[in-house]
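Note sheet for the following structure.
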Amino acid sequence: MRYFIELSYNGSAYHGWQNQPNAISVQELVEKDLSTLLKEAISVMGAGRTDTGVHAKQMYAHFDSNELIDEADIVFKMNSFLPKDIAIHKIFRATDDAHARFNAISRTYLYRVGLKKNAFNFNTAYYVKHPLDLSAMQVATRILFEYKDFQCFSKSKTDVKTYNCNIMKADWELVGDELHFTIQADRFLRNMVRAIVGTLINIGLKKISLEDFHAILESKDRREAGFSVPAKGLYLIDVEYPDDIKYK
Numbered sequence: 008m009r010y011f012i013e014l015s016y017n018g019s020a021y022h023g024w025q026n027q028p029n030a031i032s033v034q035e036l037v038e039k040d041l042s043t044l045l046k047e048a049i050s051v052m053g054a055g056r057t058d059t060g061v062h063a064k065q066m067y068a069h070f071d072s073n074e075l076i077d078e079a080d081i082v083f084k085m086n087s088f089l090p091k092d093i094a095i096h097k098i099f100r101a102t103d104d105a106h107a108r109f110n111a112i113s114r115t116y117l118y119r120v121g122l123k124k125n126a127f128n129f130n131t132a133y134y135v136k137h138p139l140d141l142s143a144m145q146v147a148t149r150i151l152f153e154y155k156d157f158q159c160f161s162k163s164k165t166d167v168k169t170y171n172c173n174i175m176k177a178d179w180e181l182v183g184d185e186l187h188f189t190i191q192a193d194r195f196l197r198n199m200v201r202a203i204v205g206t207l208i209n210i211g212l213k214k215i216s217l218e219d220f221h222a223i224l225e226s227k228d229r230r231e232a233g234f235s236v237p238a239k240g241l242y243l244i245d246v247e248y249p250d251d252i253k254y255k
């Protein structure tokens, strides 16, 4: 029987979601505790592969079990077993062919940029010391909707067959002393969000122009785009699925 698990985690202490040969990952801990509780070898497939230091306010994964499980009981026990920076929110039965990664309709990421020095968000947001031109950054953000190929924002060594992504939402919002960048798409390339944010910050710092931004997108060359902002400010905040993945 296939089950979906909804969880969140602070990624600061982990080398991303996916299992690593010589480093601790979120997937490793979730699999270990599920296997212990269900008394069988459990393999977990996540909705995505968040990088080292990236956080998730909402992540989904699926796993198979040979037995019907008491979902609420396993949630309670998992939260007792797991460290304080990983939280399980719910487990539910899914259809046998439901897939956490391939059935996702969209994913949404948030990036937090601090505008003032803050003793409490230094490890959860990226602090930019110099003033930013938010209006120019907003105009540049709208330019993203004119394109489908985002190879210029992708890590060069990747095994994807296409660099095309359908961006559904992208916007900046001023929240207190922070700028929040939210982006939703049907898929994301490796390092894509962090490279987009770094390039938009360069526009806000007036290091590049809007014309330069068009040229970067058309270049399909990662070397032309801006820097990658630190992982600590990036959050996976929503994964959307069709309603028919749930078992009825």
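Sequential numbering of the sequence shown, starting at 8, is according to my numbering.
Even glycine gets a Cβ: it sits at the ideal position worked out from N, Cα and C.
Owing to the predicted nature of the structure, the values given are computational and were not obtained by experimental measurement.
Look at the beta carbons and you see the region 206 to 220 not touching the region 45 to 62: under three pairs across the two are nearer than 8 Å.
Looking at the DSSP output, K168 sits in no beta bridge, so it has no partner there. Q158 sits in a helix when the DSSP states are folded into three classes. Contact check for F188 and Y118: beta-carbon distance about 4 Å, within the 8 Å limit, so the pair qualifies. With a cutoff of 8 Å on beta-carbon distance, A111 and V200 are scored as not near each other. Under the DSSP definition of a beta bridge, Y134 partners with G121. In the displayed model, H96 falls within a strand according to three-state DSSP. The region 79 to 98 makes no contact with the region 150 to 165, as fewer than three CB pairs between them are under 8 Å. Residue range 217 to 226 is occupied by the alpha helix (DSSP H) that includes E225, with no beta strand (DSSP E) assigned at that position.
The C-beta distance from K227 to C159 rounds to 6 Å, short enough to fall under 8 Å. In summary, F195 is buried, with 16 or more beta-carbon neighbours lying within 10 Å of its beta-carbon over all protein chains present.
Residue state for L44 is assigned as helix, using DSSP reduced to three classes. By the neighbour-count criterion, in which a residue is buried when 16 or more other Cβ atoms sit within 10 angstroms of its Cβ, L217 is exposed. Looking at the DSSP output, R114 bridges to A192, V246. Assignment of S163 by DSSP, reduced to helix, strand and coil, places it in the coil class. For F88, no beta strand (DSSP E) run applies; the uninterrupted alpha helix (DSSP H) run containing it begins and ends at 78 to 88, by DSSP. Here D104 carries a coil assignment [DSSP, helix/strand/coil]. Three or more Cβ pairs drawn from the region 113 to 133 and the region 175 to 193 lie within less than 8 Å of each other, which places the two stretches in contact. Of the candidates L141, P249, C172, the residue whose Cα lies closest to the Cα of L122 is L141. DSSP places A202 in the uninterrupted alpha helix (DSSP H) bounded by 199 to 211. Under the three-state reduction of DSSP, G233 is assigned to coil, being neither helix nor strand.
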